[in-house]
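Engineer:
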Amino acid sequence: MNKNLGWKLIVIVATLLFFVFGIFGPPDNWSGGPLTALQNRIHLGLDLKGGTHLILQVQVNDAVNVDSDNAVERLKADLRARKINYTEISKPDAANNPDKIVLKGVPPESRSDLLTIVQDRLPEYQLTSGADNTWTVSMKPQALADLKNRAVTQAIETIRNRIDQLGVSEPIIEEHGLGQYQILVQLPGVDDPARVKDIMQSTAMLEIRQSFGGPYPSEQAALQDKGGVLPPDQVLVPGGHSMGSTDGGQTWYLISRASAVTGRDLRTADQSRDENGQPSVSFTLTGEGGRRFASFTGAHVGDNLAVVLDNKVQEVAVIKDQIHDQGVINGRFTEQQAKDLSMTLRSGALPAGIKYLEERTVGPSLGSDSIRAGVTAAVIGMLAVLIFMLVYYHAAGINADIALILNLIILLGFLGFSGATLTLPGIAGVILTVGMGVDSNVLIFERIREELRNGKTPPSAVEQGFGHAWITIVDTHVTTIVSAIILFLFGTGPVKGFAVTLSFGLFANLFTAVFVSRVIFDWLLSRKQRGEALSIG
Amino acid sequence: MEFFRNPNIDFLGKKWYFLAFSLVFSVAGIFSMLFWHGIPYGVDFRGGTLVYVKFAQAPDNNAIRASMDRAGLHNARIQSYGSPGSNEVLIDVSEQETSEQALDRSKTQIINALESNAPADKQDLNNTGFLTIKNYLMQKDPLHLGTDAEQRYTAQAQAIVNYRDKVKDGVLHSLDELKAAADPAVVASLSDGFFLSNFGVRNVEIVGPQVGAQLRKQALLATAYSLAGMLVYLAFRFEWIYGVAAVITVFHDTLITVGAFSLMNKEISLTVIAAILTLIGYSNNDTIVVFDRIRENLKLMRREKLSDIVNRSINQTLSRTILTAGLTFLTVLALYLFGGEVLKGFSLALVIGILIGTYSSIAIAAPILVAYQDWRSGRGKPPVMVPVGKEAIRREKVKAKA
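From first to last, the protein sequence lines stand for chains A and B. Every letter in the first sequence is one number past the one before it in the working numbering, and letter 436, counting from 1, is 742. Every letter in the second sequence is one number past the one before it in the working numbering, and letter 111, counting from 1, is 108.
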């Protein structure tokens, strides 16, 4: 029995040392005193240290539209090459079914040719036939889902690149599991999200397209100029910063739907100055992009090209000669704008627009107030429980108090080891662990008292008390932990922190309240004479 | 010390009083949710913009309301917040004015309205982030540093922001105060580009309508999953009727807690839901302890009536039930009193929930078992099958074989 007890004591002391190490870390972390060591080990949530929390949604349909616009262009070129007639090709519902392309008036004898084109040239699309020689080309469901998910992954990558360039420390940028195509962004220490948001949000979608007309003072004027109907492969796009306008009002340009090159073809982008000394952005294209740009400009010498940024025309220029792989964007930028633009172009374009769904900012002064309040409440709650146990259970109360303190050490040590984040509700979870953890001791002690009243000797009362209470303790812990797990799955940020501390605190409680308390009782009993009373209030 | 020595209270005999008590509170809560305050959703669930502002002097809520009106925010709710001397105000703009196209528009409007007499070309240093200050300093270069400017100005900007937020609690009264933290030349240059308003924004929460709806649905689902989880676990550990009784009890607790929030018109935020989910687990603890004892006593006292066994079990565990609930209540009360404004709703839910949960494990859960058995024997079914634990049944079978 005594030998057994010795082993158990060693287990307890080893556990204690292990988790104390978890709290304060290796000795080279101790130089700043225990409080600094603790602060280095335990990660505080945004609600405690201040910062910005954003949830945004990637408008994945943008990415699908880009893909299907290109598919339309490729189809047209191939149909022309194979001399297949058609009356109309269009995307009837770009907003809701962006991948759906409708092809009208293809003669029945061209059916197999059309099928070959779609199979060979557009492997991600499928062809279905409708009435009156109408065909629908749409994306295969798997390809569509892949494209959308890729847009989200790429958006996360891009946003991370941009935020890294801003020098925000320890940002979290990850897919937000609760909604569709949502991204969670947490920026510790940023309490003024406006600028960060501007930089994240600018899709910086650069495209070079052909320009057919403009500037027009209004959309109606553009329509009139083209006889009331726009050609299907052309669109009206507003001019950026009212360019080309005499009175500073909004202007419009008529440009091609498809683009010759896009931001994806960029190799670099840098802040520079144009011939008038104004801030501008110069760029070079990749090999493949350069080839495409050369063939486009070669075929359109004398035509106009438009530099389009985020669906606004920044510049229109005449193509004087074939251009290979370099260009300059002029656009009455300020120094800062030119710098931001070159940075966002470098970090890659967002594949699709983003929309902000949620924004929370915690100022650092509130964060430190919260820490103070949380710690005060924890200390007061803990002291109240410790004192009560001493008064109510006398010597056995010390036993419970030791178990509780050990419980707390294990919980904090776990936070240190796991790198889990401590949030304000997480501190509440620590307090609740104290309150709920002591339940197990009460349960055991009350049972022991009851057994003693029924005339059992102290050793057998302790034996019975722990034996009977054990099953109940497991049941009660399981129900609370089940709740906490659901909370973890459902919650975000602060609430998750609460679920983590509460569940781990209760796991630790199984060890401290049952195993540690038992060892202390056994040790006490082993030192007592036969028949000597047990101090349990 | 001992609070209860061998209590012998006829709990089951008082079941009609208990029923009346629970009905009054549940029905009052339901009525309030349907006809009076409704379910007072917090910003997490209804969407909207909340801006927590701390003023340098005691704020005049009517003046704030007037300036919001002038800015076109006619439905803004202005509410004093925190302890009386803290000069804090919560400005709440509801969902109608928070659209996802311009999520932070209301926030900008609120801050602009509060800064209404600001100099046109200057920024408000009390509401400017670290990055802006750093960029400003890099551009002005008041220390004429040239090459390693970035590092120095980062440190200066950090010191300014820290001093404002940690030492001055978020609101500077005059730029001169900054001389304690930053280089005098830096402070002097700040006055060219910045002014000081009489407030600092401590906390902003903006939730778009889409997230609000999504969170409402998830909160409901999470609650349902929790209840289902309890039902399954207890049915597995005991008999299904125990699971049902426990889940009815916990549902009753949840209903009364949410009802109490509605009656008091306190907002239900995400953390309140977290508290309620915790309570679903925790309220079951007391119920389980009583059920465990009933199961144990059923084996010991085979000849006695179920209602006697239940009464005896409640009394035997009463001391323990009151003690554990009391101790948890003590910690939760500490949280409510000292845990700060941010956790008020959360700890209030726990305070109410623990009281109700303890009451119901005595007054609701066990009587359901007895009522079920009475109902079964009323229909001429054998009563013995009902609340005997699995183990007892197994023993019965072994006996029958022998």
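Glycine included, each C-beta is placed from N, C-alpha and C at the ideal position.
1. Give the secondary structure of Ser588/A by DSSP, where H, G and I count as helix, E and B as strand, and everything else as coil.
2. Going by alpha carbons, who is nearest to Asn747/A out of Leu672/A, Phe827/A, Ile489/A?
3. In this structure, what does DSSP give as the bridge partners for Glu664/A?
4. I want to verify the contact list: residues of chain A whose CB lies under 8 Å from the CB of Thr328/B, in sequence order.
5. For Val607/A and Phe796/A, what's the separation of their Cα atoms in angstroms?
6. Just the Cα atoms here: how many angstroms apart are Val317/A and Asn815/A?
7. Hey, is Ile792/A's beta-carbon within less than 7 Å of any beta-carbon in chain B?
8. Applying the 10 Å Cβ sphere with the 16-neighbour rule, what's the burial state of Ala397/B?
9. Buried or exposed: where does Trp13/B fall if 16 or more other Cβ atoms within 10 Å of its Cβ makes it buried?
10. DSSP state of Val613/A, grouped into three classes?
11. Cutting at 7 Å between CB atoms, please list the residues of its own chain near Tyr133/B, excluding the five before and the five after it.
12. Which residues mark the beginning and the end of the alpha helix (DSSP H) in which Met65/B is found?
13. Buried or exposed: where does Pro429/A fall if 16 or more other Cβ atoms within 10 Å of its Cβ makes it buried?
14. Let me check you understand the geometry: is the CB of Tyr333/B closer than 6 Å to at least one non-hydrogen atom of the ligand FMN?
15. Select from Leu712/A, His774/A, Ile423/A the residue whose C-alpha is nearest the C-alpha of Lys389/A.
16. Kindly indicate which residue of Leu187/B, Ile291/B, Leu315/B has the alpha-carbon position closest to the one of Glu236/B.
17. Under 8 Å: do the segment 657 to 664 of chain A and the segment 204 to 222 of chain B share three or more Cβ pairs, one atom per stretch?
18. Using CA atoms only, rank isn't needed, just tell me which of Phe335/B, Arg376/B, Gln313/B, Ser83/B is closest to Gly687/A.
19. Can you tell me the Cα-Cα spacing of Thr46/B and Ala805/A, whole angstroms?
20. Can you list, in chain order, the residues of its chain whose CB lies under 7 Å from that of Arg652/A, leaving out five sequence neighbours each side?
21. Here's a check: name, in chain order, each residue in its chain whose Cβ is nearer than 7 Å to the Cβ of Phe288/B, leaving out the five neighbours to either side.
22. Pick helix, strand or coil for Phe52/B, following the three-state DSSP scheme.
23. Where Ala500/A and His71/B are concerned, what is the direct C-alpha to C-alpha distance, given to the nearest angstrom?
24. At what residue ranges does the segment 219 to 299 of chain B contain a whole run of the alpha helix (DSSP H), taking only runs of 4 or more?
25. Given that a residue counts as buried once 16 or more other Cβ atoms are within 10 Å of its Cβ, and exposed if not, what is Gly338/A?
26. Would you kindly work out how many angstroms separate the C-alpha atoms of Lys119/B and Ser188/B, rounded to a whole number?
27. In chain order, what residues of the same chain have a beta carbon less than 7 Å from the beta carbon of Pro731/A, not counting five sequence neighbours either side?
28. Excluding five sequence neighbours on each side, which residues of the same chain lie with their C-beta closer than 6 Å to the C-beta of Ser29/B?
29. Gln207/B CB to nearest chain A CB: under 7 Å?
30. Who are the neighbours of Gly680/A on chain B, taking C-beta pairs under 8 Å?
31. Give the interface partners of Leu341/A over in chain B, defined as CB-CB distance under 8 Å, in chain order.
32. With 16 as the cutoff for other CB atoms within 10 Å, does Phe0/B come out buried or exposed?
33. Please name the residue, chosen from Gln54/B, Lys131/B, Ile27/B, that lies closest to Val168/B on a Cα-to-Cα basis.
34. Would the segment 510 to 521 of chain A count as touching the segment 600 to 615 of chain A if we require 3 or more Cβ pairs under 8 Å?
35. Closest by CA to Ala185/B, which one among Val24/B, Asn195/B, Asp138/B, Gly126/B?
36. With DSSP as the reference, label Ile625/A as helix, strand or coil.
Structural biologist: Let's see:
1. Locating residue 588/A in the first sequence gives position 282, where the first residue counts as 1. Note: Ser588/A maps to strand in three-state DSSP.
2. As a working note, residue 747/A is residue 441 in the first sequence. Comparing Cα positions, the closest option is Phe827/A.
3. Taking the first residue of the first sequence as position 1, residue 664/A is located at position 358. According to DSSP, which records beta bridges pairwise, Glu664/A is partnered with Ile361/A, Val204/B.
4. By 1-based counting over the second sequence, the position of residue 328/B is 331. What Thr328/B touches in chain A: Gly687, Met688, Ala690, Val691, Ile737, Leu738, Val740, Gly741.
5. Position 301 of the first sequence, counted from the first residue, corresponds to residue 607/A. Position 490 of the first sequence, counted from the first residue, corresponds to residue 796/A. When rounded, the distance between both Cα atoms is 59 Å.
6. Residue 317/A sits at position 11 when you count from the first residue of the first sequence. Residue 815/A sits at position 509 when you count from the first residue of the first sequence. Cα to Cα, Val317/A sits roughly 16 Å from Asn815/A.
7. For the purposes of this step, residue 792/A is identified with residue 486 of the first sequence, where counting begins at 1. Yes, its Cβ sits closer than 7 Å to a Cβ of chain B.
8. Residue 397/B sits at position 400 when you count from the first residue of the second sequence. The predicted model places Ala397/B with a pLDDT of 49, which falls under 50 and marks its position as unreliable; any figure quoted below should be read in that light. Looking at its Cβ environment, which holds fewer than 16 other Cβ atoms inside 10 Å, Ala397/B is exposed.
9. By one-based count along the second sequence, residue 13/B stands at place 16. Counting Cβ neighbours within 10 Å, Trp13/B comes out exposed, since fewer than 16 surround it.
10. For the purposes of this step, residue 613/A is taken as residue 307 along the first sequence, with counting starting at 1. Strand, per DSSP.
11. Sequence index remark: in the second sequence, residue 133/B carries index 136 (1-based). Gly190.
12. In the second sequence, residue 65/B corresponds to position 68, counting from 1. Segment 58 to 67, the alpha helix (DSSP H) holding Met65/B.
13. By 1-based counting over the first sequence, the position of residue 429/A is 123. The residue is exposed, with fewer than 16 neighbouring Cβ atoms inside 10 Å.
14. The model depicted lacks the ligand FMN and carries no ligand whatsoever.
15. Your numbering for residue 389/A matches position 83 in the first sequence. Among Leu712/A, His774/A, Ile423/A, the Cα nearest to that of Lys389/A is on Ile423/A.
16. For this step, residue 236/B is matched to residue 239 along the second sequence. Among Leu187/B, Ile291/B, Leu315/B, the Cα nearest to that of Glu236/B is on Ile291/B.
17. Touching, yes.
18. Residue mapping note: residue 687/A aligns to position 381 of the first sequence, counting from 1. The shortest Cα separation from Gly687/A among Phe335/B, Arg376/B, Gln313/B, Ser83/B belongs to Phe335/B.
19. Position 49 of the second sequence, counted from the start, is the residue given in the question as residue 46/B. Position 499 of the first sequence, counted from the start, is the residue given in the question as residue 805/A. Cα-Cα distance, rounded: 27 Å.
20. Counted from its first residue, the first sequence places residue 652/A at position 346. Taken in chain order, the residues that qualify are Thr574, Ala575.
21. Residue 288/B sits at position 291 when you count from the first residue of the second sequence. Phe235, Tyr239.
22. Here residue 52/B is taken as the residue at index 55 of the second sequence, counted from 1. The answer is strand: DSSP assigns Phe52/B an E or B state.
23. As a position in the first sequence, residue 500/A is number 194, starting the count at 1. As a position in the second sequence, residue 71/B is number 74, starting the count at 1. Rounded to the nearest angstrom, the two C-alpha atoms are 25 Å apart.
24. Counting whole runs of 4 or more residues, the segment 219 to 299 of chain B contains the alpha helix (DSSP H) stretches 237 to 261, 267 to 297.
25. Locating residue 338/A in the first sequence gives position 32, counting from the first residue. Exposed.
26. For the purposes of this step, residue 119/B is taken as residue 122 along the second sequence, with counting starting at 1. For the purposes of this step, residue 188/B is taken as residue 191 along the second sequence, with counting starting at 1. Going by the C-alpha atoms only, they are around 9 Å apart.
27. Here the question's residue 731/A lines up with position 425 in the first sequence. The beta carbon of Pro731/A sits closer than 7 Å to the beta carbons of Pro800, Val801, Gly803, Phe804 from its chain, once the five residues preceding and following it are set aside; these are given in chain order.
28. Taking the first residue of the second sequence as 1, we reach residue 29/B at position 32. Excluding positions up to five away in sequence, the list reads Ser259, Leu260.
29. Reading the second sequence from its first residue, position 210 is the one you call residue 207/B. True, the Cβ-Cβ gap to chain A drops below 7 Å.
30. By one-based count along the first sequence, residue 680/A stands at place 374. Gly336, Gly337, Leu340, listed in chain order.
31. In the first sequence, the residue the question calls residue 341/A occupies position 35. Chain-order list of chain B residues neighbouring Leu341/A: empty, with the shortest C-beta distance near 15 Å, by a criterion of under 8 Å.
32. The residue given as residue 0/B occupies position 3 in the second sequence. Exposed: under 16 other Cβ atoms inside 10 Å.
33. Start at 1 with the first residue of the second sequence, and residue 168/B comes out as number 171. Here the closest residue by C-alpha is Gln54/B.
34. yes
35. For the purposes of this step, residue 185/B is taken as residue 188 along the second sequence, with counting starting at 1. For Ala185/B, the nearest C-alpha among the options comes from Asp138/B.
36. Stepping through the first sequence from its first residue, residue 625/A is reached at position 319. Residue state, collapsed to three classes: coil.
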